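Asks: In the working numbering, the protein residues as written are 1 to 140.
In this text, a Cβ means the ideal position worked out from N, Cα and C, and glycines have one as well.
These numbers come from a predicted model, not from an experiment.
Below: one structure in structure tokens.
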């Protein structure tokens, strides 16, 4: 193992924890968890159609109904990615047919409320943002 100077150690420490730096590994995670379907799946998991915000396990078909517009392929890919990242757990129960549910892990729960607030903010302020976009476009 090569010896590092104090300046090199300081630079390495900064890149590990500062998402604003290009070399920071947390940039990739930030991009991954802020994707459209990731955000909506994390927000939807447990809230269901009644949107009460209480996390609970959901089946694939229930998620597909809640997330109008998501393709089966995209939902499957998103669920696999979230499971790989440790944000959700997939549980298969031996029934006929097999019952598969998805639930937030403790890591996923730590992100759930923030993502849910982002969803609520976008629903609340959509008209206001549209008005600003129209003003901006008209000025050009």
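What residues match up with residue 90 in a beta bridge as DSSP calls it?
Replies: In the DSSP output, where bridge partners are listed per residue, residue 90 has 102.
Asks: Quick one: is residue 104 buried, meaning 16 or more other Cβ sit within 10 Å of its Cβ, or exposed?
Replies: By the 10 Å Cβ count, residue 104 comes out buried.
Asks: Does the stretch 105-124 come close enough to the stretch 20-40 that 3 or more CB-CB pairs lie under 8 Å?
Replies: Enough Cβ pairs lie closer than 8 Å, so yes.
Asks: Using only the alpha-carbon positions, how far apart do residue 11 and residue 136 sit?
Replies: C-alpha separation (whole angstroms): 41 Å.
Asks: Given residue 26, which residues of its chain have a CB within under 6 Å of its CB, disregarding the five upstream and five downstream residues?
Replies: If we look at residue 26 and ignore the five residues flanking it on each side, its Cβ neighbours are 19.
Asks: Count the other CB atoms, across all protein chains shown, that sit within 10 Å of the CB of residue 120; report buried if there are 16 or more and exposed otherwise.
Replies: Counting Cβ neighbours within 10 Å, residue 120 comes out exposed, since fewer than 16 surround it.
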